[in-house]
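Residue numbers (the UniProt record's numbering): 1 to 330.
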């Protein structure tokens with residue numbers, strides 16, 4: 001499949017991964033519609049920071065995936081839909097689990113139903129490595145059992161199953177991409193890497209974090225965006241779940257040490273109780289097996305962790321005003 005001239009919708013286009021994907025789709029010549037969550041401030045999230053030439057080439061619409069009629073109007077006429085809109089903060093899912101069901105499960109169902117009704121050519125649904133929970137074996141392939149260790153992961157499991165059901169029940173051409181831990185420019189301080197970097201840049205001598213022992217499979221956002229593209233253009237991914245990960249793991253503690261080294265800093269790490277997940281909810285190990293995505297697509301990760309971190313550090317340095325380092329972001 002060639003994306004040149006294709007009518008493409010990105011839900012959650014104003015967000016971290018969605019904004020990078022939107023820019024990449026414009027580069028590839030797609031006719032991009034960006035769905036931004038409606039708000040009275042007419043705020044377009046990260047799209048507001050795009051260069052004018054890029055922004056002017058995008059059709060920006062506001063709406064809410066929780067509302068079917070609006071989704072139906074927006075999806076009509078689209079050929080490819082990248083569905084990224086979701087509530088993603090794990091700590092907030094402990095406080096408001098029903099919000100995650102309504103957005104992630106019901107919202108996804110609205111998108112799928114509209115895509116079915118308008119015969120969309122390809123739907124790329126966004127999953128998460130959190131659906132696997134703590135690794136029962138490594139590296140984690142797509143056959144690994146799913147474990148709901150947080151309301152967030154449970155809601156994404158429900159969304160994934162709805163996507164699977166629309167493929168099996170209605171032949172909707174759905175592919176499910178399951179990114180592991182993406183990081184990079186535009187990520188909020190609810191995530192560990194920008195939390196570390198922004199606190200160091202704010203000249204804090206004590207860096208507040210949660211548990212340091214869990215391992216993660218970190219992936220630079222440009223690699224993740226490229227994985228979305230490759231999953232979209234490959235006919236072999238229809239009806240499939242594919243991991244997008246680096247096939248490597250590093251502990252949070254070692255990640256801190258790496259960032260401290262790259263930034264030439266001298267800081268003390270403090271474990272902050274409010275940043276700790278409930279014991280049985282902590283995902284202790286994530287390490288992706290990326291064999292399947294390499295087999296079904298041309299995707300390969302291009303950025304090393306050091307390369308990605310250096311670019312992220314530089315971006316946060318230039319945009320530190322976006323970060324409230326004295327507040328714990330749930």
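Glycine residues also receive a C-beta, built at the ideal position from the N, C-alpha and C atoms.
Just to check my reading of the structure: residue i and residue j have Cβ atoms closer than 8 Å, yes? What is that Cβ distance to the nearest angstrom?
| i | j | result |
| --- | --- | --- |
| residue 50 | residue 228 | Not confirmed; about 18 Å, so no contact. |
| residue 80 | residue 225 | So it is not a contact: roughly 15 Å between Cβ atoms. |
Pull up the distance between the alpha-carbon of residue i and that of residue j, whole angstroms please.
| i | j | result |
| --- | --- | --- |
| residue 207 | residue 163 | 40 Å |
| residue 263 | residue 220 | 18 Å |
| residue 202 | residue 325 | 7 Å |
| residue 19 | residue 231 | 17 Å |
| residue 68 | residue 99 | 16 Å |
| residue 259 | residue 137 | 28 Å |
| residue 314 | residue 303 | 15 Å |
| residue 188 | residue 265 | 21 Å |
| residue 222 | residue 312 | 11 Å |
| residue 235 | residue 1 | 7 Å |
| residue 35 | residue 47 | 11 Å |
| residue 118 | residue 109 | 14 Å |
| residue 42 | residue 143 | 42 Å |
| residue 150 | residue 3 | 36 Å |
| residue 26 | residue 44 | 17 Å |
| residue 237 | residue 173 | 9 Å |
| residue 77 | residue 294 | 31 Å |
| residue 218 | residue 71 | 32 Å |
| residue 7 | residue 277 | 41 Å |
| residue 239 | residue 15 | 26 Å |
| residue 127 | residue 186 | 20 Å |
| residue 257 | residue 169 | 49 Å |
| residue 233 | residue 279 | 40 Å |
| residue 146 | residue 305 | 27 Å |
| residue 269 | residue 209 | 7 Å |
| residue 252 | residue 133 | 16 Å |
| residue 97 | residue 148 | 12 Å |
| residue 176 | residue 182 | 16 Å |
When the distance is taken between beta carbons, is residue j closer than 9 Å to residue i?
| i | j | result |
| --- | --- | --- |
| residue 115 | residue 211 | no |
| residue 101 | residue 178 | no |
| residue 11 | residue 84 | yes |
| residue 353 | residue 316 | Lying before the first or after the last residue shown, residue 353 is absent from the chain, which here runs from 1 to 330. |
| residue 9 | residue 88 | no |
| residue 158 | residue 105 | yes |
| residue 107 | residue 66 | yes |
| residue 91 | residue 300 | no |
| residue 286 | residue 249 | yes |
| residue 38 | residue 281 | no |
| residue 255 | residue 196 | yes |
| residue 267 | residue 214 | no |
| residue 23 | residue 61 | no |
Grab the span of the beta strand (DSSP E) containing residue i for me, first residue to last.
| i | result |
| --- | --- |
| residue 123 | 122 to 126 |
| residue 31 | 31 to 37 |
| residue 10 | 7 to 11 |
| residue 183 | 181 to 183 |
| residue 209 | 206 to 209 |
If I follow the unbroken alpha helix (DSSP H) through residue i, where does it start and stop?
| i | result |
| --- | --- |
| residue 228 | 221 to 233 |
| residue 110 | 107 to 117 |
| residue 316 | 305 to 318 |
| residue 154 | 151 to 170 |
So, does the CB of residue i fall closer than 9 Å to a CB anywhere in chain D?
| i | result |
| --- | --- |
| residue 275 | No chain D appears in this structure, which consists of one protein chain only. |
Kindly list the residues whose CB is nearer than 8 Å to the CB of residue i, restricted to its own chain and excluding five residues on each side of it in sequence; keep chain order.
| i | result |
| --- | --- |
| residue 57 | 26, 32 |
| residue 156 | 86, 104, 127, 128, 130, 131 |
| residue 141 | 243, 289, 291, 292 |
| residue 307 | 220 |
| residue 204 | 267, 325 |
| residue 198 | 189, 316, 320, 323, 325 |
Give every residue of the same chain whose Cβ lies closer than 6 Å to the Cβ of residue i, excluding the five residues on either side of it in the sequence, and list them in chain order.
| i | result |
| --- | --- |
| residue 153 | 130, 131 |
| residue 123 | 81, 115, 174 |
Which same chain residues end up closer than 7 Å to residue i when comparing Cβ atoms and leaving out the 5 residues on each side of it in sequence?
| i | result |
| --- | --- |
| residue 247 | 139, 288, 289, 290 |
| residue 166 | 112, 116, 172, 174 |
| residue 5 | 29, 31 |
| residue 121 | 79, 80, 173 |
| residue 296 | 234, 236, 237, 240, 242 |
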